[in-house]
Amino acid sequence: GFHLITKDWELTDVAQYFSPPIYKEELLDRNKRIGGRYAAAQFGSAIDGVLMIGIATKGTGIALFRNGCEIYYEGGV
396 GFHLITKDWE
406 LTDVAQYFSP
416 PIYKEELLDR
426 NKRIGGRYAA
436 AQFGSAIDGV
446 LMIGIATKGT
456 GIALFRNGCE
466 IYYEGGV
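Next up, the structure:
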């Protein structure tokens, strides 16, 4: 699940299920192998009030999103 922190880096919630609305689908990179958490992070970063979302997995790697766009990516295994 997703861990939630404030803009002051205070942990507020741990392992939360997160299912954001699906929109801005054109932002998905169809050439990259992605899963549900990657898409949830990207779509969720476009929600008003969300500053940034990041994911880290062994297979996918590290990705950071802001305003529905991937702003950083480092590939996994």
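Using this note's numbering, read the sequence shown as starting at 396 and increasing by one per residue. Where is the CB? At the ideal position from N, CA and C, for every residue including glycine. In this text the structure is predicted, and so the values were computed from the model without any measurement.
{"Item": "On a CA-only basis, which of D408, D403, W404 is nearest F397? Give me that one, please.", "Value": "D408"}
{"Item": "Helix, strand or coil for Y433? Go by DSSP, reduced to three states.", "Value": "helix"}
{"Item": "Please return the same chain residues whose Cβ sits closer than 7 Å to the Cβ of E469, not counting the five positions on each side in sequence.", "Value": "G456, I457"}
{"Item": "Roughly how many whole angstroms lie between the Cα atoms of K453 and M447?", "Value": "20 Å"}
{"Item": "How about F413 and A435: do their beta carbons lie closer than 7 Å?", "Value": "yes"}
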